[in-house]
Amino acid sequence: MTATRAEVCAVACADLFLGAGEVLASPMGLLPSLGARLARLTSEPDLLLSDGEAFLLDPESAVEGWLPYRRVFDVVAHGRRHVVMGANQIDRHGNQNISCIGDHAKPTRQLLGFRGAPGNTANHRTSYWVPRHGPRVFVDAVDVVSGVGHDHAVGPFHDVHQVVTNLAVLDFDTPDRSMRLVSVHPGVEVADVLRLTSFPLEHDEVEETRRPTDVELELLRTVLDPGGAREREVPS
């Protein structure tokens, strides 16, 4: 079966959790949630999926457990969580901004605020989902550090892992922990990603992002997202 760009992105989000085992997956947003649920049904059956409050869910969103809020801090403090957040800005070392645009003392645009971003990046693995890859998101320096990048990293659990966008997959597996282009989605050229990024990217051995298997496509289309909401977030 032929996959759409949105379905490639969903599988790339699922692959964020490869090798995770029994950790609490906290995906924020549609594509990360589809990815986590897909991983639970395929490559990582031990993932724990949270509703963001107190319940643990199976991939069809039926309640299968209870995680009281006080216990969430135990999970966070021991690094047994992988959160996938969004980013209004992100720089070459993985510093993320979801707080405001412009000077924090007098911003030109107010965003979400810091929320849990500092604690997430200090305590456990963190990845990012960016539905519109562009130079206003991938910036030389974020206006405000919400999520902590590798150049400000402290503590044993800091682990900014990967960034998935509508065009590519990126990581920080370089000597100075700066961002590297790992793969481009089918139909995307490396030059497209470089042009839409405001800082230089390592890009020596760029692969094509893997396409979904027929099983994964069947799960996405008939079980996880039969209404096709993924296609509205990442149009083909």
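Heads up, the sequence shown is in the working numbering, so the first residue is 8 and it goes up one at a time.
Backbone N, C-alpha and C define an ideal beta-carbon position, used for all residues, glycine too.
Given the structure is predicted, the values throughout are model-derived calculations rather than measurements.
- For the set 137, 165 and 117, the Cα lying nearest the Cα of residue 38 is the one of 137.
- The stretch 192-207 and the stretch 162-181 touch, with three or more beta-carbon pairs separated by less than 8 Å.
- For the pair residue 225 and residue 14, the Cα-to-Cα distance works out to about 11 Å.
- Taking a cut-off of 8 Å for Cβ pairs, the stretch 45-65 and the stretch 92-110 do not touch, as fewer than three such pairs fall below it.
- If you draw a straight line from the Cα of residue 161 to the Cα of residue 233, it comes to about 42 Å.
- Membership of residue 198 in the alpha helix (DSSP H) is indicated by the continuous run 197-202.
- In the DSSP annotation of this structure, the continuous segment of the beta strand (DSSP E) that includes residue 178 starts and ends at 175-178.
- Here the alpha carbon of residue 206 sits roughly 22 Å from the alpha carbon of residue 194.
- With fewer than 16 other Cβ atoms from the protein chains shown falling within 10 Å of its own Cβ, residue 117 counts as exposed.
- Judged by DSSP secondary structure, residue 132 falls outside any alpha helix (DSSP H) and instead within the beta strand (DSSP E) spanning 132-137.
- By the Cβ criterion, the stretch 204-221 is in contact with the stretch 126-146, since at least three pairs of Cβ atoms, one from each stretch, lie closer than 8 Å.
- According to the DSSP secondary-structure assignment, residue 62 is paired through a beta bridge with 73.
- Here residue 216 is not near residue 46, since their CB atoms are 8 Å or more apart.
- Short of 7 Å from the beta carbon of residue 107, and not among the five residues preceding or following it, lie these beta carbons of its own chain, in chain order: 114, 116, 117, 118, 150 and 151.
- C-alpha of residue 231 to C-alpha of residue 44: approximately 8 Å in a straight line.
- Exclusion of the five residues before and after residue 76 leaves 61 as the residues of its chain whose Cβ lies within less than 7 Å of its Cβ.
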